[in-house]
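Before any comments, here is the structure.
In UniProt numbering, the protein residues as written are 1 to 522.
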């Protein structure tokens, strides 16, 4: 992405930008998993996740008092707006994009809105669980074990289980992701200097599957935080996808090289990144698709991500369909693939869009804030908003680099429509994922006003200073209690150790890659 817009990429504060803040939360021995300087928010935390509607008049009539009212009626940590029991099961293909969301966006369909917020929360969870404490030997990993992941990030009861964490690195970039080495030569290596937790693969539980009408495999990708990811954002040169290791019969299909490098990069000397993020995701999706198709179930694959994570989601969805990871040849079953992306940049050229949408049939719904600069790059000059498709195609045929176009359908939101948000020149606020989820919660349609449906606006200020001051929610309130420091038996304060093993790659990874016709990792 262009330098002018890249500063807005992270959803959470980055250590070198806000050195006094620690990202995310840390599991504490007292059982308190969240900390805030706001007593009301702290008191309300820990309630069971709620999806109910909050009846309210238009917020334009009472913007200064609605936060307290909504907090008393919904959980502070994470709350999806709207409940779709009995309706989603019958309509899931429509909500998943079978009709390209025609007639569902303006005014917005309440079932679609609830699903968008849910998958947005899945993407937000990748930030909330990321360990960016530069003093931690686990810096760059996920703070929580997979089996309790959703509970630990405040999404208990969401109805999904994490099956695999995804880790990423880059083929060509050999400098560390972090400001100082995390390990001494004499220490056992707890984590990687270059590998990072980049997302996860989850699957719906039996109970949730019955509610939503199919077995859903969700893949969530994290946005920009580390050094290698910033470099990936800034590497705007295009390269044929097939040259990046992704099989594609059309050599004219090109994508942004930095995104593809992060997606396909691996380090055979690193036990966490000896498989690329691509290989990890494809192997797990293939395994789950075969498992549930083999049981005679309907299956869907839903990929989500924010910012850089949106770009990785687009590449991953393309790849799943291109390699047939969503299909079971034995019985001819194919799971539909859909992307719900948030604040995403452009990823590839016109040929990439044609292959993605028309030939592979992947559906993509992009949620964007019209004032955010990230969705306007790369391709600041040659793009779908500046020139008609015949012109872009002619320029692309000449071999001129930098022709980019967005995929799928856009749902455009405007943060100025929310009476909760202040006027600010801080462009990171425009790009923030929690702000997008807040806008989704109150969006009804163009010209319909703003009516929040139950999601707590205080979440907007988890990592920003975007709420109006009269709401008395402190900025950047989301952090570990005492920044993870605990008092030891001898009275000294130390960083709380994490007594757990970081998950290794499943032993059947090579098997499932071979089933896809891919070369196993060496």
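Cβ coordinates follow ideal geometry from the N, Cα and C atoms, glycine included.
Start-to-end residues for the beta strand (DSSP E) that takes in residue i
i, result
"residue 366", "363–369"
"residue 377", "Residue 377 -> no beta strand (DSSP E), and no H or E assigned at all."
"residue 305", "299–306"
Candidates the options: closest to residue i by CA position
i, options, result
"residue 354", "250, 297, 281, 336", "250"
"residue 329", "341, 439, 307, 290", "290"
"residue 451", "443, 458, 313", "443"
"residue 416", "410, 403, 446", "446"
"residue 257", "128, 393, 194, 239", "239"
"residue 460", "410, 435, 261, 157", "435"
"residue 99", "307, 409, 297, 458", "409"
"residue 214", "400, 91, 123", "91"
"residue 150", "135, 259, 119", "119"
"residue 146", "130, 134, 139, 403", "130"
"residue 373", "511, 509, 430", "430"
"residue 385", "97, 448, 403", "403"
"residue 113", "441, 474, 483", "441"
"residue 360", "510, 155, 316, 394", "316"
"residue 307", "418, 243, 127", "127"
"residue 193", "201, 140, 205", "140"
"residue 480", "123, 87, 102, 143", "143"
"residue 427", "396, 504, 375", "375"
"residue 413", "94, 107, 88", "107"
"residue 327", "314, 348, 366, 282", "282"
"residue 117", "475, 438, 245, 356", "438"
"residue 483", "380, 103, 496, 491", "496"
"residue 209", "498, 134, 97, 89", "89"
"residue 168", "122, 226, 474, 104", "226"
"residue 262", "350, 245, 103", "245"
"residue 288", "219, 277, 247", "219"
"residue 101", "392, 489, 365, 505", "365"
"residue 507", "517, 470, 274", "274"
"residue 277", "247, 198, 237, 205", "198"
"residue 391", "264, 490, 350", "350"
"residue 331", "471, 489, 298", "298"
"residue 425", "465, 456, 419, 418", "465"
"residue 124", "270, 418, 478, 510", "478"
"residue 134", "196, 393, 381", "196"
Whole-number beta carbon distance between residue j and residue i, since they are thought to touch under 8 Å
i, j, result
"residue 302", "residue 216", "6 Å"
"residue 325", "residue 286", "4 Å"
"residue 370", "residue 343", "The Cβ separation is near 11 Å, so there is no contact."
"residue 406", "residue 346", "6 Å"
"residue 310", "residue 341", "4 Å"
"residue 352", "residue 255", "6 Å"
"residue 166", "residue 203", "Between residue 203 and residue 166 the Cβ distance is about 14 Å, and since that is not below 8 Å, they are no contact."
"residue 433", "residue 467", "So it is not a contact: roughly 15 Å between Cβ atoms."
"residue 223", "residue 305", "7 Å"
"residue 337", "residue 313", "Not quite, the Cβ-Cβ distance comes to about 11 Å (not below 8 Å), so this is no contact."
"residue 476", "residue 463", "6 Å"
"residue 453", "residue 138", "Not really, about 37 Å apart at Cβ, beyond 8 Å."
Beta-bridge partners of residue i, as assigned by DSSP
i, result
"residue 240", "254"
"residue 493", "487"
"residue 467", "421"
"residue 443", "450"
Residue range of the unbroken alpha helix (DSSP H) whose run includes residue i
i, result
"residue 216", "Note, residue 216: premise wrong, no alpha helix (DSSP H); beta strand (DSSP E) at 215–221."
"residue 201", "Run containing residue 201: none in the alpha helix (DSSP H); it sits in the beta strand (DSSP E), 196–204."
"residue 293", "277–294"
"residue 515", "509–515"
heavy atom of the ligand MN below 8 Å from residue i C-beta
i, result
"residue 114", "You won't find the ligand MN in this model; it holds no ligand whatsoever."
Return the chain-ordered ranges of every alpha helix (DSSP H) run that is complete within the stretch 319–359 and spans a minimum of 4 residues. 350–354
Threshold first: 3 residues or longer. Then list the beta strand (DSSP E) segments lying entirely within the stretch 148–174, N to C. 160–168
Mind pulling the alpha helix (DSSP H) runs of 4 or more residues that sit fully within the stretch 391–437? If we require 4 residues or more, the alpha helix (DSSP H) runs fully inside the stretch 391–437 come out as 427–431.
Whole runs of the alpha helix (DSSP H) within the stretch 92–159, excluding any shorter than 4 residues: Segments of the alpha helix (DSSP H) lying fully in the stretch 92–159: 110–128, 149–152.
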